[in-house]
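Each remark here refers to the structure printed beneath this line.
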Amino acid sequence: MRSRFGWLALQLVCCFVSRDFIMNGYEANSGGFIEFHAKENLLFWLNPASYVRFYNLVAKGILTPSLHNPLILVPTIVFFRRAWQETSVSDRRYFLAAFLPLLVLFVLFGYTDEIRSLSLAFPAIVLLALNGASRFGQIFSNAESDQAHIETRVRSNVAG
633 MRSRFGWLAL QLVCCFVSRD FIMNGYEANS GGFIEFHAKE NLLFWLNPAS
683 YVRFYNLVAK GILTPSLHNP LILVPTIVFF RRAWQETSVS DRRYFLAAFL
733 PLLVLFVLFG YTDEIRSLSL AFPAIVLLAL NGASRFGQIF SNAESDQAHI
783 ETRVRSNVAG
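Just add 632 to wherever you are in the sequence shown, counting from 1, and you've got this note's numbering.
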């Protein structure tokens, strides 16, 4: 039992030494250890102009819509709504368990549209996307009626 406490004490000392070593490089930075951005987030998301932003992500002069721009957001919502319906209950629970705590932290501590703060939920998002990707044609087109139309044309060509 003494050796267990000894190892625990050694691990805690290593933890505090490494934390101190890492944090010393940032002690001259302004600001606090944690900054609350709930007010800035509220003002950003209530401003309609925030939803039509474009960024120079690829190169200067090549504008790319932000993730919350309607050009990206509307197809994404349509896709994930259908993918959600096709996903198993356990995968939905996994997504909710990963995403909801991060969403709360994002609202309080994230800054406006920094989606990277939700990165811990990306594996769950990919899992949902994979369920929807196999049905991509059914989501964004009328694939079933297209297939019936193709079969009808093939039958008429064979018969005629």
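Don't be surprised by glycine CBs; every beta carbon is placed ideally from N, CA and C.
Item, Value
"Helix, strand or coil at ILE694 according to DSSP, with G and I counted as helix", "strand"
"Whole-angstrom distance between GLU659 and VAL710, CA atom to CA atom", "46 angstroms"
"Rounded straight-line distance, which links the Cα of ALA756 to that of PHE731", "8 angstroms"
"Anticipated Cβ contact below 8 angstroms, TRP716 with ARG725, distance rounded", "No, TRP716 and ARG725 are not in contact; Cβ-Cβ is about 12 angstroms, not under 8 angstroms."
"DSSP state of LEU699 mapped onto helix, strand, coil", "coil"
"Local conformation of PHE653 per DSSP, three classes", "helix"
"Residue environment, HIS781, which counts as buried when at least 16 other CB atoms sit within 10 Å", "Note that HIS781 scores 49 on pLDDT, short of 50, meaning its location in the model is unreliable and no value can be drawn from it."
"Pair within 8 angstroms by beta-carbon distance, TYR683 and HIS669", "no"
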